[in-house]
Structure formats: structure tokens, C-alpha cells
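A.B. asks: This structure is in C-alpha cells; I'll ask about it shortly.
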């Protein structure tokens, strides 16, 4: 299993905690949870058996792709 500190080839983390994803994307926590629940963002839920709460990690490349796929106007890069 990869941990949250695993990095992609560009030196970016592969997985982000929800707060980090909020900081990066400027989206609210509620919006990110909505996108995860609707299947728009790949995520991992780290919840031990018997726990009522766990940690959700958002796949950073998926988040970047989701945002980029909705970009309009201007030039990429």
C-alpha cells in the first residue's frame, strides 16, 4: 500500500488529505466530498474496522485532471 507521501514523477504527492485538496483546488470541503460521492474523484478511505471515522485521501492526479478537463479559454501551459 502506498502512503500519502508517495510522489508522482513531477514531485507532487500522489494522494492528498481533503484539507490539502481544498487548499490546492480552492474548492470547499463539501464540494470535494460531493465530487467523491458522485464518482468524479478517485479517493481512498482509510478506516479501520469498528471506527466511526476514517481518513479520506484524494488522488492528486485525478483532481488535477478533473479541474483541467473543465478549463475553458486561454492556452494550456
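Numbering (full-length UniProt numbering), first residue to last: 1 to 77.
Just so it is clear, CB atoms sit at the ideal spot from N, CA and C, and this is done for glycine as well.
This structure is a prediction, so every number in the text was calculated from the model and none was measured.
For residue 25, which three-state DSSP category applies?
C.D. replies: helix
A.B. asks: Quick one: is residue 29 near chain B, going by C-beta distance under 8 Å?
C.D. replies: Absent from the structure is chain B; it holds one protein chain and no more.
A.B. asks: Please list the terminal residues of the continuous beta strand (DSSP E) segment that includes residue 16.
C.D. replies: According to the DSSP assignment, residue 16 belongs to the beta strand (DSSP E) that extends over 15 to 17.
A.B. asks: Just mark residue 58 as buried or exposed, buried being the case when its beta carbon has 16 or more other beta carbons within 10 Å.
C.D. replies: Classification of residue 58: buried, given that the 10 Å Cβ count is 16 or more.
A.B. asks: Would a C-beta distance cut-off of 8 Å place residue 60 and residue 13 closer than the cut-off?
C.D. replies: yes
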